[in-house]
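I have placed the structure first, in the form of structure tokens, so that the comments after it can refer back to it.
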Amino acid sequence: MSDTTETTELGEGYDQRNQAVEHGAHQGEHWSDLKFVYLALALAVITAIEVALSYMVDDLGPVFLPALLILMFIKFFSVVSYFMHLKFDHRLFSLMFYMGLILAVVVYSIALFTFKFFDA
Amino acid sequence: MADVAIHETSHDDPGHDDHGHDDHATSTGLSNNKLGMWIFLGSECLLFGGLIATYMLYRGRHSENLGPDQVWDIPFTSASSFVLLMSSLTMVLAVTAAQRKDDRNTNLWLTITALLGSLFVAGQVYEFTTFYREGLGFTTSLFASSFYTLTGFHGVHVTVGVIMLLATVGMIMKRRIPGDKAEVVELVGLYWHFVDIVWILIFTLVYLIPA
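As structure tokens, this is what we get:
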């Protein structure tokens, strides 16, 4: 009998903690469908700008590569943050994903440095 | 003992099944399925990072006539990129519909996403066929091998995503998804968006930056 009481108390406490974590995991506003449409249109425009830039390599000179990379990162993190909802989700999810991403960037950057890719 | 008690408590609560929040009764308070998916996607970064780095390293290793600048069809690939980008929009609309418990629109958007994904794969098959006819085989050069491996792996991921989408539609129609339906759609959505962000990197690094 006492076991049952303990279980119930523990269960309630546990549920409350879960609800709190869940609330934290879903904190921030939920976007409306229209906002997602606007974001997709913005990403399409950025893609069009990227394609346009690729035809102006000679005109842009040293600005070309950084401009293209910045646009790529904007698209990448927009999809991750908003479409994948990572910006509003629990930090543990962000940690798991960005740990893999950062590890990949560091490891393969070192590999490319080793093969003198950036010297060319 | 405490763990068992917690487990039993959450399952004895009839309200849990209705709202499909069984998965939240975990030690972290988060869905293990969702956490597992994010860990999987983090590990996928390492796979595609390796393939992209290999391509970057070998993109200059080709014959004079069959290099990136000779074979790329940027307008066509741009159209493919647009299709995949729009599929991310339809996927997110499917997720919001699932969160509203609107099965009809969930299935509609999932089906449209699958169609857009299939269109992208068809475009990739057409592109590969064109390159092959121009003389760029898998073993023609290191550039060709690394390019086909990278984009081929991505294409396989898109194909798997299409299968997952269609399977989800089928399971929703037959009411075979136990627990939280919205979470299942969200997990498929996470995988699909990941495929999209990988293409965002490939499109810029492989196609738009001259070798």
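Sequence lines, in order, name chains X and V.
If you're matching positions, the first sequence starts at 21 in this note's numbering and goes up one per residue.
If you're matching positions, the second sequence starts at 1088 in this note's numbering and goes up one per residue.
C-beta: ideal position from N, C-alpha, C; glycine also.
Check, Outcome
"Neighbouring residues, chain X, relative to G1137(V) (Cβ below 7 Å)", "Y128"
"For I1264(V), three-class secondary structure by DSSP", "coil"
"Member of F84(X), V127(X) and V100(X) whose CA lies at the smallest distance from the CA of S1175(V)", "V100(X)"
"Whether L1252(V) touches A1185(V) by CB criterion (7 Å)", "no"
"Segments assigned alpha helix (DSSP H), at least 4 residues, entirely inside the stretch 1153 to 1205 of chain V", "1155 to 1158 and 1161 to 1186"
"Closer than 7 Å to chain V by CB, A72(X)", "no"
"Contacting positions in the stretch 55 to 66 of chain X - beta carbon closer than 7 Å to chain V", "F56, V57, A60, L63 and A64"
"From E1273(V), L1295(V), F1240(V) and M1258(V), residue whose alpha carbon lies closest to that of C1132(V)", "F1240(V)"
"Start and end residues, alpha helix (DSSP H) containing K96(X)", "The sequence shown places Phe at residue 96(X), not Lys. Note, F96(X): alpha helix (DSSP H), F84 to S98."
"From D1283(V), T1115(V) and I1259(V), residue whose alpha carbon lies closest to that of L1128(V)", "D1283(V)"
"Rounded straight-line distance, which links the Cα of W1159(V) to that of L123(X)", "31 Å"
"N- and C-terminal bounds of the alpha helix (DSSP H) containing D53(X)", "D53 to S74"
"As assigned by DSSP and simplified to three states, the class of R111(X)", "helix"
"Per-residue contacts from K1121(V) into chain X (C-beta, under 8 Å)", "F113"
"Endpoints, alpha helix (DSSP H) assigned at M1124(V)", "N1119 to Y1145"
"Amino acids of chain V, ordered along the chain, whose beta-carbon sits closer than 7 Å to that of F137(X)", "M1143 and L1144"
"Neighbour flag for A1166(V) against chain X, beta carbons, 7 Å", "no"
"Cα-Cα separation between V1256(V) and P82(X), rounded to whole angstroms", "48 Å"
"N-terminal and C-terminal residue of the alpha helix (DSSP H) that D78(X) is part of", "V77 to L80"
"Interface residues of the stretch 1274 to 1285 of chain V facing chain X [CB-CB below 7 Å]", "L1277, H1280, D1283 and I1284"
"Classification of A1181(V) by the beta-carbon crowding that lies within 10 angstroms, buried from 16 upward", "buried"
"Neighbourhood of F1135(V) by C-beta distance below 7 Å, restricted to the same chain and skipping five residues each side", "V1285"
"Helix, strand or coil at I1289(V) according to DSSP, with G and I counted as helix", "helix"
"Contacting positions in the stretch 1172 to 1191 of chain V - beta carbon closer than 7 Å to chain X", "L1172, M1173, S1175, L1176, V1179, L1180 and T1183"
"Beta-carbon neighbours of I1126(V), restricted to chain C and to distances below 7 Å", "Of the chains in the structure shown, none is chain C; the protein chains are X and V."
"Neighbourhood of L1229(V) by C-beta, 6 Å cutoff - its chain only, sequence neighbours within 5 removed", "Y1145 and R1148"
"Interface partners of V99(X) on chain V, CB under 8 Å", "S1175, H1280, D1283, I1284 and I1287"
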